[in-house]
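Heads up: the protein sequence lines correspond to chains A and R, in order. Each residue of the first sequence is one higher than the one before, counting from 349 in the numbering used here. Each residue of the second sequence is one higher than the one before, counting from 767 in the numbering used here. We put the CB at the ideal spot given by N, CA and C, even for glycine.
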Amino acid sequence: MSRAFVCLVAVLTLAWAQPSPAQTPPSQPARDTPAAATGGTAVVRGRVVEAATGRGLSRVQVRANTTMTGPPPVPYPWAAMTDADGRYEIKGIPAGTYAIAATKPNYVRSAFGAERVEGPGKRMTLTDGQVLDKIDLRLVRAGVVTGRVVDEFGDPVTDVQVVPMRYQFVQGSRRLTRAGRGAQTNDIGEYRIFGLSPGQYYVSAVLQNVSMGQQDTNDRSGYAPTYYPGTGNVAEAQRLTIAQGQTLTAVNLTLLPTQTVRASGIVVDAQGRPMGNVGVSAMQGFSGMGYFGGQTKPDGTFTINGLTPGEYTLRANLQGNQEQAVLALRIDGSDVTDLQLMVTKPSTIRGRVAFEEGGTPPKASAIRVTAMRADSVVGAGGGVAVKDDLSFEMPLPAGRVFVRSPAPGPNWRLNRVLLNGIDVTDSAVDVPVNGSLNDVVVELTDHLYPISGRVTDSNGTLVRDCFVIVFGQDPAGWTPGTRYLSSTRPGLDDLFHAKMPAGAYYAIAVTDVDPGAWTDPEFLTQARERATKFSIAAGETKTVDLPLSPAPVF
Amino acid sequence: MKHLLAASFASLALGASAHAQTTFSTQVGQLAQPANNNSNSTPPTPGTATLRGHVTAADSGQPLRKAQVRIFASDIRENRLATTDADGRYEFKEVRAGRYTVSVNKGSYVGLSYGQERPTDPPKPLQILDNQTVERLDFALPRGSVITGRVVDEFGEPISDVQIAPQRYQSIQGQRRLVPAGRQTSTDDMGEFRLFGIPPGQYYLSATWRSTNPSNEDKTAYAPMYFPGTENPAQAQRITLAVGQQLSDIVMALKPIRATRVSGTVTGSDGRPMTGQIMVMATGGFGFNMSGGGAIQPDGTFSINGIAPGDYTLRAQSFGPGGPTETATVKITATGEDIADLRLVGAKPSTASGRIVLDPAIAASLPTGLSLMTMPMDPGEMMMGMQPARMADDGSFELKSAPGRMRINMMGPMNGFTVRAVRLNGTDITDVGLEFKANEDISGLEVELTNKVTTISGLVTNARGEAIKEYTAIAFAQDREKWKVAGRYQSMGRPDQDGRFKIAGLAPSDYYVVALDKIDPGQVTDPEFLDAIRTRATAITIREGETRTVDLKISTVP
Chain A
349 MSRAFVCLVA VLTLAWAQPS PAQTPPSQPA RDTPAAATGG TAVVRGRVVE AATGRGLSRV
409 QVRANTTMTG PPPVPYPWAA MTDADGRYEI KGIPAGTYAI AATKPNYVRS AFGAERVEGP
469 GKRMTLTDGQ VLDKIDLRLV RAGVVTGRVV DEFGDPVTDV QVVPMRYQFV QGSRRLTRAG
529 RGAQTNDIGE YRIFGLSPGQ YYVSAVLQNV SMGQQDTNDR SGYAPTYYPG TGNVAEAQRL
589 TIAQGQTLTA VNLTLLPTQT VRASGIVVDA QGRPMGNVGV SAMQGFSGMG YFGGQTKPDG
649 TFTINGLTPG EYTLRANLQG NQEQAVLALR IDGSDVTDLQ LMVTKPSTIR GRVAFEEGGT
709 PPKASAIRVT AMRADSVVGA GGGVAVKDDL SFEMPLPAGR VFVRSPAPGP NWRLNRVLLN
769 GIDVTDSAVD VPVNGSLNDV VVELTDHLYP ISGRVTDSNG TLVRDCFVIV FGQDPAGWTP
829 GTRYLSSTRP GLDDLFHAKM PAGAYYAIAV TDVDPGAWTD PEFLTQARER ATKFSIAAGE
889 TKTVDLPLSP APVF
Chain R
767 MKHLLAASFA SLALGASAHA QTTFSTQVGQ LAQPANNNSN STPPTPGTAT LRGHVTAADS
827 GQPLRKAQVR IFASDIRENR LATTDADGRY EFKEVRAGRY TVSVNKGSYV GLSYGQERPT
887 DPPKPLQILD NQTVERLDFA LPRGSVITGR VVDEFGEPIS DVQIAPQRYQ SIQGQRRLVP
947 AGRQTSTDDM GEFRLFGIPP GQYYLSATWR STNPSNEDKT AYAPMYFPGT ENPAQAQRIT
1007 LAVGQQLSDI VMALKPIRAT RVSGTVTGSD GRPMTGQIMV MATGGFGFNM SGGGAIQPDG
1067 TFSINGIAPG DYTLRAQSFG PGGPTETATV KITATGEDIA DLRLVGAKPS TASGRIVLDP
1127 AIAASLPTGL SLMTMPMDPG EMMMGMQPAR MADDGSFELK SAPGRMRINM MGPMNGFTVR
1187 AVRLNGTDIT DVGLEFKANE DISGLEVELT NKVTTISGLV TNARGEAIKE YTAIAFAQDR
1247 EKWKVAGRYQ SMGRPDQDGR FKIAGLAPSD YYVVALDKID PGQVTDPEFL DAIRTRATAI
1307 TIREGETRTV DLKISTVP
């Protein structure tokens, strides 16, 4: 029997709730602004072929990507589609530096002159009137996984969701999460997952009985989420490596029969009175696989059937109303009873944005305050725009969150978060049920100091195609959305650039790293073993040259 | 888009889901007292009937294991599920007496309900009595038909993510339209598709392309196409599928047309740039028909490419906790020319406040746990941004609605109640609905419920005067104007084991009642059809709370 805490909901704000590259503060210094979209006279042309066959590929989008910073113009003027023979011509390009890249659905993106798959392209300088010919590209088909799903009798199973998965760092833990689109089995149990980038994957199969959760049944049969080749245990799942252009066939799975369990309890209002006819849903946490629903009876009780082991987020939904209850729930092998979901209004974080003394502060309209979950409730972050007087009021479900503010521009960044005058930047705050935190100060700073350097390999050769990660030496600062972490890549000048607060740092250069993986403390722990240590003081400009490191075993 | 869909499905599911059977007692220490003490809160006693049978494959006669059998009785809110064992057997015990529909589904087989001869027939009710044991309620499921094929572009290259749907003609609000029937699928990276589980019948196959990347620069879109290669449904080729038939290697080549790019800005009602999502939906279709969309940029601008020619509704919405906070819509016609500088201004949803009251002539207490929401009067209108509101214990409610002419739809456990009238500040608007205007609130809405429900029932005989058990009875208002009002003046009934039909809950009025040998889905709301059969119908008048018995002679559908 488990009893769980109760909290409320905001809207689905997964984007804020998960660390992503977009949340690491911008580190590229502004160089130029995009050129005017008109008036160019340079031309780039060439042909795009399929790597495996050498035949021309039609309807490939080829773009001359400007290396200048700032938002790209929309619609993007320096792009063209290939014809039936794979030929393209991009006209009217202003003088400047560009990289040429080709995209087509179900092919791996390819850039001209790239040193590896999905790597950045060679930068090319175009002068007015120049015609650059024979900029030919080869596209490799994206990865494909096919197979068949059968039940314990060997019969094909229809409507099984088969999903490619990868480990990702989400809300404080490394979790196997969906990575790309899945597929559904057909009448003969077959599936085909396509459009996969090269990399390492796990494949899982889930038979979702949509109607089961809502209906009264004594049937406890079901299937556990099954990982290829046929295990319910993530640790025993077999990792599949998909090389570029590879099709893995016969990735066959046999679903694992399991006893399903029930979760039951009661939904009450803020006064503790039972609430009848309220929708209750259980959503399987981070895998994004599995949704179960039910409804409370007139006496407020509910039962959800058909649950298989895993992490769930339980919600009681008052339709069309802001009042909700949310609860994180872990299901192992046995029924869960006596859950209590208290439906209340959203809690609130109130406060204001302040600026550390410095240059011209950004406009209020450019500033947002967000909340990132520090607990395992899925889809319950928060985010609001700051009012003109720099105050904010953010409704969100109760629970543990980090308060953050995405960098409003290249020169300003979150400095610290104060609750009643106490620094809570790297310690999450507890938002009370049916209550509020009222004195939160989100302080932004422009006291950022430039760090730059070059990366060389073991032969001393300059490396342009790599990732540089700069992170604080103190692991206490490795919190989601931390200001002591930056990821960047060498720019046109062959140097990487980052801007950091004064402090002690590590920096490491690696060839490749999964997007967002650098926010994972486990990655940083491994990375610091081979990283370069340095400090930067206020007002200082630092040059840090880095050796290219092998990627951490991760 | 995702959670909008989820929200509206949830509300649809509300009416159909129930937990009547499980007896479950909970002790929660700090709870003071239950909110309501009416009879609803005591769980119903278990029933005494038993229901069992077999599920087999129609072609081989082999038992089907793991088939799902569902029994559902809306009036007593019974909804149960059983799964067949290795011998295809299923059993329901402790079933309460009631009028049930029984339906069976298994993977790629065609699902069937009790009383269906064809999968398009309306199911028949199964009357179950106390202490009754219903044996041999067996189902032989036909194997679904399969269509496989491939979709290519003008160069013969495969196109992925093209939506493939079997469609059939159905009469909707009097118009014969092609509507998707059954499962749909989409093409894979080889351009291939496999449609399965299709009931036997006549179909038209459609292929609908939509841009997978609305931010790209491709000026080519593809028009929706019907097999073998026409945009005009009238020229589409009919495909006849026999039971379990497999039709292979259908090839459809999509025709390129010039795509439209739509761009502009969205401003909130506070004058600041609005952030959120923008969606492009084809108009004129039924249900959701997303053709593109994307995020609105922080500066309020948006740009969506890849829209095929046609009429669309653009809908921008910002999100807050609890749903969309502001919305803005605009209708556009895409012709291949870009549409730039669209300016959308967000508006907050209108609020309608009011109260649910009881018919003063009855002695009962208000059902608890009811919700209500607005629905467009025109069923072809997009159902978006509508949110159900919960009734408070005293019957009051505060409802949010998108702009437009709306009717009020009740949701939740009606427990034998029905809407008697909807009034706005004293004026009866039950059948005409009410107009919501952007940024304007409405107060003084009153929804009156009654448990005095009308019932029409009867038996049907053939030309020789013999009682028959295979027919569909329909009742529809004599006043043609009332045919436009959804759900109140038309209904149908099917015979139970005794051959008796029962139609409950029609609004009191003058009706025609007729028994027909065959009816296609949708004909009940087709004015032309109703006009054609009214001459053979029996005219009756039914008053509030009245139960009428009308015995009918079977008519052959013209």
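Contacts that residue i makes with chain A (C-beta to C-beta distance below 7 Å)
| i | result |
| --- | --- |
| R:D955 | N454, V492, F542, G543 |
| R:F993 | Under the 7 Å cutoff, chain A gives no residues; its nearest Cβ is about 20 Å from R:F993. |
| R:G1112 | Near R:G1112 there are no residues of chain A at all, since even the closest Cβ is about 14 Å away, more than 7 Å. |
| R:R1038 | S713 |
| R:S874 | T506, D535 |
| R:H912 | Going by the sequence as given, residue 912 of chain R is Val instead of His. Neighbours of R:V912 on chain A, chain order: D535. |
Under 9 Å by beta carbon: chain A residues contacting residue i
| i | result |
| --- | --- |
| R:D919 | S406, R407 |
| R:F962 | T506, N534, D535, I536 |
Same chain only: Cβ atoms within 6 Å of residue i, ignoring 5 sequence neighbours per side
| i | result |
| --- | --- |
| A:V701 | I715, V734, L738, V790 |
| R:R1027 | N1071, D1104 |
| R:F1052 | Residue placement at R:F1052 cannot be trusted, given a pLDDT of 45 that sits under 50; what the coordinates show is reported in the next sentence. Excluding residues within five positions, none has a Cβ falling inside 6 Å. |
| R:V912 | F962, Q1012 |
Classification of residue i by the beta-carbon crowding that lies within 10 angstroms, buried from 16 upward
| i | result |
| --- | --- |
| R:P812 | exposed |
| A:P823 | exposed |
| R:D1264 | exposed |
| R:D1015 | exposed |
| A:I590 | buried |
| R:D927 | buried |
| A:S682 | exposed |
| A:P573 | buried |
| R:A1305 | exposed |
| R:P711 | No answer is possible for residue 711 of chain R: it lies beyond the span of chain R, which begins at 767 and ends at 1324. |
Within chain R, the residues that residue i reaches when beta carbons sit closer than 7 Å
| i | result |
| --- | --- |
| A:A427 | E983 |
| A:N625 | G1135, G1178, P1179 |
| A:A905 | Look at the range of chain A in this structure, 349 to 902, and you will see that residue 905 of chain A is not part of it. |
| A:L666 | R1156 |
Assigned secondary structure, residue i (DSSP; H/G/I helix, E/B strand, else coil)
| i | result |
| --- | --- |
| R:A1158 | coil |
| A:L689 | strand |
| A:L872 | helix |
| R:D1317 | coil |
| R:T1026 | strand |
| A:P898 | coil |
| R:W975 | coil |
| A:A850 | coil |
| R:I1299 | helix |
| A:P823 | helix |
| A:E437 | strand |
| R:V876 | coil |
| R:Q929 | strand |
Beta-ladder partner(s) of residue i, from DSSP
| i | result |
| --- | --- |
| R:Q898 | The partner list for R:Q898 (beta bridge, DSSP) is empty, contrary to what the question assumes. |
| A:H845 | A:S800 |
| R:A987 | R:I1023 |
| A:L677 | A:Y660 |
| R:V1323 | None; R:V1323 has no bridge partner. |
Contacts of residue i in chain A (Cβ-Cβ under 8 Å)
| i | result |
| --- | --- |
| R:R1024 | Chain A residues near R:R1024: none, gap ~13 Å exceeds 8 Å. |
| R:S926 | P453, N454, F542, G543 |
Within chain R, partners of residue i - CB distance below 8 Å
| i | result |
| --- | --- |
| A:V422 | S981, S1029, T1067, S1069 |
Proximal residues to residue i (C-beta, below 8 Å), its chain only, five neighbours per side dropped
| i | result |
| --- | --- |
| R:P1064 | P1039, T1041 |
| R:L1020 | V917, V918, D919, E920, I925, V928, A973, W975, Y988, A989, M991 |
Sequence-distant residues of its chain with Cβ nearer than 7 Å to residue i (five each side left out)
| i | result |
| --- | --- |
| A:A527 | P512, M513, R514, Y549 |
Residue i: contacting residues in chain R (beta-carbon distance under 9 Å)
| i | result |
| --- | --- |
| A:S552 | Under the 9 Å cutoff, chain R gives no residues; its nearest Cβ is about 19 Å from A:S552. |
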